[in-house]
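Those letters in the sequence shown? Residues -7 to -1, 1 to 300, per mature numbering (1 follows the signal peptide of the UniProt record, and there is no 0), in order.
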Amino acid sequence: GALPSLADLPKLEQKDRYKVGFSQMESNNPWRIAETKSFKDTAESCNWDLISTDAAGSAAKQVADVDSMIAQGIDVLFLPPREEKPLIPAVKKAKAAGIPTFLVDRSVDPNAAKAGEDFVAFLGSDFVDQGQRAAEWLIENFDGDKGVIVELEGTTGSSPANDRKKGFDDRILQDDRFEIVASQSGDFARDLGRQVMETLLQAHPDVNVVYAHNDEMAIGAIQALELAGRKPGDDITIVSIDGTRDALQAIIDGKMGVTVESSPFFGPLACEVMNRYAAGEEIEPWVQVQDRIFTADNAADHIDEAY
Ligand code: AHR
């Protein structure tokens, strides 16, 4: 077939005000709430009439939400796809309706939809790198002979769960002190993280490291461990990703070792990239967000700006 070209992407007119769609996937954790707030805060400064929806944890509802935004005539769509595959039809439908789409924070299966072709660009972190950096912190800071790891995975089929697992597992298994004895989804949620940790702790009482794909599950795991009489930060090392307020507090309290940052503050970046696109600039397929790392060395310096 013909080679795809950038010219195939829907254009964005330069206007004084834009009707902007933001399709949030769920609002059950501080990260999601901070991301939605960042879009709402940006609406005023970026001259957006913002339509914001909440799919309440259902990819099917997120597809329907995008449908309804298309019907309402949005100029541009910002979409964090809950999972990598189910949102692909929504991305293609927006393009067919002439609406430029930017994926934010999570991506879709690159074999089924591509930046610069099916959507304009992906704005977000390098999740593989986040997992690698969590592993590297552990390799440098773990002082036991044998690291017995339980991994709490994010939402099954989501890009951060896939990539954070790959980055961490590949890196940690290069060091033969470490073994991953169990890896199970806690759906990025605190409650489920607690429940899964409870179960895995019974099956693997010798666990001495927990790697959680996000802070909410890490906090849930800490609760389960403490209830079982374990001492997080003392007899078990917790490593995680995000940088929420509760995680920074857990680091300050000595219960968590590290959290690799994954910023939810996408509003200003979305505004900037959208305006560049409207001005006719070619947008890089991956507008990459740079992440910091929070440990006992700096957590106290950042807790006031945390969410
Ligand atoms: O897509 C980013 C991830 O989604 C965050 O790490 C997590 O907390 C959120 O739900």
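Ideal Cβ placement from N, Cα and C applies to all residues, glycine included.
Return the CA-CA distance between residue i and residue j, expressed in angstroms with no decimal places.
i       : j      : result
Gly(-7) : Ile276 : Reliability fails at Gly(-7), whose pLDDT of 49 lies under 50, so the model's placement of it is uncertain and no value is given.
Val253  : Val282 : 13 Å
Lys139  : Ile173 : 11 Å
Asp122  : Val56  : 29 Å
Glu133  : Ala48  : 40 Å
Asp228  : Ala211 : 15 Å
Leu116  : Leu96  : 6 Å
Arg10   : Pro74  : 25 Å
Phe120  : Ala293 : 25 Å
Gly247  : Ile63  : 48 Å
Glu144  : Lys8   : 47 Å
Leu166  : Lys159 : 11 Å
Please tell me whether, using a cut-off of 7 Å, the distance from the CB of residue i to the nearest non-hydrogen atom of the ligand AHR is below it.
i      : result
Ser233 : no
Pro79  : no
Ser255 : yes
Arg99  : yes
Phe71  : no
Arg25  : yes
Pro82  : no
Asn40  : no
Confirm, please, whether the CB-CB distance from residue j to residue i is below 8 Å.
i      : j      : result
Val59  : Leu70  : yes
Ser45  : Gln17  : yes
Val141 : Asp199 : yes
Gly91  : Pro3   : yes
Asp21  : Ala182 : Going by the sequence as given, residue 21 is Asn instead of Asp. It is a contact, given that the beta carbons lie within the stated cut-off.
His206 : Ile244 : no
Rounded to whole angstroms, how far is the Cβ of residue i from the Cβ of residue j, which I believe are closer than 8 Å?
i      : j      : result
Val203 : Leu131 : At roughly 11 Å, the Cβ-Cβ gap does not stay under 8 Å, so Val203 and Leu131 are not in contact.
Thr288 : Phe135 : That pair is no contact at about 13 Å.
Can you name, in chain order, every residue of its own chain whose Cβ lies under 7 Å from the Cβ of residue i, other than the five neighbours on each side?
i      : result
Asp111 : Val84, Lys85, Lys88
Output needed for residue i: all residues of its chain with C-beta closer than 6 Å, excluding positions within five of it in sequence on either side, in chain order.
i      : result
Ser152 : Glu77, Arg99, Ser100
Gly14  : Ile44, Met62, Ile67, Leu70
Gln125 : Gly160, Arg164
Taking 7 Å as the cut-off, is the beta-carbon of residue i closer than that to any non-hydrogen atom of the ligand FAD?
i     : result
Pro74 : Absent from the structure shown: the ligand FAD. Ligands present: the ligand AHR.
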